[in-house]
Amino acid sequence: MRKVQMVTDRELEILKILWAREKASVREVQDDLNKTAGPVAYSTVQTLLNIMEDKKGLVRHVVEGRTFIYIPKKSSDRTIHELTKRFVDRVFDGALDRVMVALLDSRSPTAAEFDRLRAMIDEAERQTAAKVELSEVGTIEEF
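Numbering (my numbering), first residue to last: 921 to 1063.
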């Protein structure tokens, strides 16, 4: 299994297009990029998709007639999870509190966002406590 690679901004734009469409030809990706990110050459899109397939393992292709159709290898949720974990590990040495401080320093959350963050932290605490309880039960049953 390949190690998760960081993606460039343009590669992420391409992945977002493929996630939204589920699959797309080079021309379809190019058309979408031209609408959202400004002009980009067909050959550039083709080269990026080749790199994303051959070197990074982010996409795969099937052939329909004479057209290569590109498909993301992983869901957006899974890819974002893996990229985030790698980023947190590399940049912050895995320290979640430093990540949160950096995020909060970069933009002030709204009151509604603070409420959602608190709810998410509360839920994460409950899930962690439940996992600890289950692991303790498993340890007791082993005796």
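Just so you know, even glycine gets a beta-carbon here, dropped at the ideal spot from N, CA and C. As the structure is a computational prediction, the values presented were derived from the model and not from experiment.
- With distances taken between CA atoms, Thr967 lies nearest to Ser945 out of Val1021, Leu1024 and Ser945.
- Counting only the Cα atoms, Arg930 lies some 24 Å from Ala1022.
- Each residue's CA atom was taken as its position, placing Ser1028 and Val983 some 47 Å apart.
- Ranked by Cα distance from Pro992, the options Met926, Glu1045 and Glu942 are led by Glu942.
- With contacts defined as CB atoms closer than 8 Å, Met926 and Arg1018 fail to qualify as a contacting pair.
- Between Leu935 and Leu978 the beta-carbon gap is near 6 Å, inside 8 Å, which marks them as a contact.
- Annotated as proximal: Leu938 and Tyr990, with beta-carbon spacing under 8 Å.
- Counting the other CB atoms within 10 Å of its CB gives Gln1047 a total below 16, which places it among the exposed residues.
- In the DSSP assignment, the residues bridged to Arg980 are Ile991.
- Residue pairing by DSSP places Ala944 opposite Tyr990 in a beta bridge.
- The DSSP-derived three-state label of Ala1015 is coil.
- Per DSSP, Thr1030 lies in no alpha helix (DSSP H) and is assigned neither H nor E.
- Residue state for Lys1051 is assigned as helix, using DSSP reduced to three classes.
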